[in-house]
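What follows is a short report on a single structure.
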Amino acid sequence: MATITTKAARGTPTAPGTPGWVRWVDHHRKWIFAAPAMTFVAALLVFPLAWTGYLSLTDAEGSVRAESEFIGLQNYLDVLSDTERFWPSVGRTAAFTGVALLFEVVLGMAIALLLWRPFKGQKWVRVAVLLPLVATPVAVGMMWRLIFDPNIGLANQLLGWFGIGPQPWLAGQYTALPTTIFIDVWQWTPMVALILLAGLTSLSDEPQEAARIDGASTWQRFRHVTLPLLAPTLTVAILLRGIDALKTFDILYATKGRGGGSFHEVETLNVYAYGLSFDYNEYGVSSTVLILFFLIIIGAMWALTARRKEAKR
Amino acid sequence: MRPRPAYRVFRVVALIVVVLTLVAPLVWMIAASFKTNVDIYDPAKALAFSPTIGNYAKVLQQANYVEFIVNSLWVAFAATVASLVLGLPAAYSMSRFNMKKSALVVLMARVIPGVSLLVPWFYVFSNLKMVGGFGVLIISHMFVSLPLVVYIMMGYFDSLPTELEEAALVDGLTHIGAFRRITLPLSMPGIATSGILSFIFSWNNFMFALVLSDADTKTLPVAIFDFVGYASIDWGGLMAATTVVTLPIMVIALFVQKYVVSGLTAGATKG
């Protein structure tokens, strides 16, 4: 019996009379299973990315079929010295991601802690937490556009009750970006909360009890017991949300339209690159921006995972 | 140990604030979809208004929304099924043979900004005369949902004990037979989770359809913009349109809440 099990586990079909091709397929199942999905992703990812890389070295513009010339690193020099559109959009991307992520993590942690221990009606609160993050982002953007409308929006009405004058919100040159950050926080804090809640639920109670018996206060227990144990989950949450926040497009496009508004007030790298590609057909320059954007994302991920490995040690 | 009374009061207040902040805007959107544009402009009619279904009639009849609903359903359904067909065996292989590097290639699709692929896609697919068709939309949505399926199912297969598969091999099944008859039926919760998430992400996807669809194939998130003019916005129609997009997905999510949550938090607790 034992010998049969080992033989089977090693990977030979045991039934007598199995056709040869079935044996062959079974023996090579590792790649037969993985190849279709990998080919699909590689075809849509590797080759287009390589092409984008090549386009970034050319002066391609106008039509995708138009002739273009190889101009080396000229686009990179132009883009990296562009202080009118490129660097401001790098700044906006960093500000948007950094501020949104900070609020989402802090508020998400607070909500997760509130939901951690069972209470009456918990089911309904979980439902409420789930709603924003399954809602279509473009629709969410439109919804907030109505609420933040300077003339007819609910937001200014509410402020009026407290005697605060109307704010321009999305329409203001300096208030637009913070308002879009608010929308992002509204929609995605629940995601961070749910991930952290899953992490909290998986923690064992013993360290908590031990700390309580030792007389640790609630804050001390959170700071010195819960938080360190939750660190891996927190990193995953920051990583997942951070990548998506860097790439935010839908709510920015829905609230401010092309180019991130008439003053480019919410033009992040993703919005800028989209505009270059599909509004201005500047394929060479847009590819350069995208390659730089991609490097920024990879860099941010690398920094986070490197920190995580260090923390594990 | 019961929490102190002061904390319990604080928790109730905090929970009410959280729930109101998350739900009230959605209620406001739905309420506005039942108002005339005159009522939307009148603060006094914020909650006391006589509801009308005029906006929905406009959305469903004049704006051809039924067609866009069918488009969205078809694209999301096809992308989900195709992603499961390709993704389940791949995730299984990657889990059982510990193919970390291959998994990384698939997960790269989740990291890369979609815009950086869209220009080459547009070029290739317009040469193939596919831009504006459903095929290219389904393929582009699969690019989002396939990595999701692989990511969720790898974790699921990792957690599935191998003993039953081994027993099936002893009983004379091939490996592929064991996968089909033993592993897959055992994985139904994981398959439901990844399928539902894949559907939601496809339904909500905006950018790919914005570039790759045309007037006949556009999906709901793109069709929303029909109500945004250069000079003015038809708020009633717009809110009816956004409600048509968001309400079904929120209702579905409520019914399958458990799966949605486990999919969104997949891999978070492994460290």
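Top to bottom, those sequences are chains A and B. To get the numbering used here, take the position in the first sequence, counting from 1, and add 114. To get the numbering used here, take the position in the second sequence, counting from 1, and add 102. Backbone N, C-alpha and C fix where the C-beta goes; we use that ideal spot for every residue, glycine too.
Residue range 290–316 is occupied by the alpha helix (DSSP H) that includes A:Thr-315. Within the same chain, and ignoring the five residues on either side of A:Asp-298 in sequence, the residues whose Cβ sits closer than 7 Å to its Cβ are Ala-214, Ala-359, Thr-362 and Ile-365. Put simply, the CB of B:Leu-286 is far from chain A, with every gap to its CB atoms at 7 Å or more. The criterion of a C-beta distance shorter than 7 Å is satisfied by B:Gly-339 and B:Asn-157. In the DSSP assignment, A:Lys-234 falls outside any alpha helix (DSSP H), carrying neither H nor E.
Within the same chain, Cβ atoms closer than 6 Å to the Cβ of A:Trp-283 are found at Phe-262, Thr-289 and Thr-293, the five residues on either side in sequence being excluded. In this structure, DSSP gives B:Ile-351 a helical state, which the three-state scheme calls helix. Less than 7 Å divides the Cβ of A:Ala-174 from the Cβ of A:Tyr-397. Counting only residues of its own chain and dropping the five nearest sequence neighbours on each side, A:Gly-375 has a CB closer than 7 Å to the CB of Ala-290.
A:Thr-332 carries a helical assignment under DSSP once its states are collapsed to helix, strand and coil. With respect to chain A, the C-beta atom of B:Met-255 has no partner C-beta closer than 7 Å. About 4 Å separates the beta carbons of B:Ser-296 and B:Val-251, which is inside the 8 Å limit, making them a contact pair.
In the three-state scheme derived from DSSP, where H, G and I count as helix and E and B as strand, A:Thr-172 is classed as strand. Residue environment: B:Asp-336 is assigned as buried (16 or more neighbouring CB atoms within 10 Å of its CB, all protein chains considered). Chain A has a Cβ within less than 7 Å of the Cβ of B:Leu-188. Cβ atoms of A:Leu-247 and A:Arg-240 stay farther apart than 8 Å, at about 12 Å. Residue environment: A:Phe-184 is assigned as exposed (fewer than 16 neighbouring CB atoms within 10 Å of its CB, all protein chains considered).
Chain A places a beta carbon closer than 7 Å to that of B:Asn-306, counting this residue as a contact. Close CB contacts of B:Leu-149 within its chain, under the 8 Å cut and outside five residues either way in sequence, are with Ala-133 (chain order).
Non-local C-beta neighbours of B:Val-161 in its own chain, meaning closer than 7 Å and more than five positions away in sequence, comprise Tyr-167, Gly-339, Ala-342, Ala-343 and Val-346, ordered along the chain. The Cβ atoms of B:Val-363 and A:Leu-317 lie no closer than 7 Å to each other. In terms of Cα proximity to A:Leu-187, the closest of A:Leu-418, A:Lys-423 and A:Val-399 is A:Val-399. Rounded to the nearest angstrom, the Cβ distance from B:Val-313 to A:Phe-392 is 6 Å, consistent with a contact under 8 Å. Burial state of B:Asp-273 is exposed, judged by a 10 Å Cβ sphere holding fewer than 16 other Cβ atoms. For A:Met-257, a Cβ of chain B is located within less than 7 Å of the residue's own Cβ. Of the candidates A:Thr-347, A:Phe-408, A:Gln-334 and A:Arg-231, A:Arg-231 places its Cα closest to the Cα of B:Val-114.
Separation of the CB atoms of A:Ala-414 and A:Gly-356 is rounded to 7 Å, and the pair is thereby assigned contact status at 8 Å. Counted as a single uninterrupted DSSP element, the alpha helix (DSSP H) harbouring B:Pro-127 occupies residues 107–135. In chain order, Ala-294, Thr-295 and Ile-298 place their CB closer than 6 Å to the CB of B:Tyr-361, counting only its own chain and leaving out the 5 sequence neighbours on each side.
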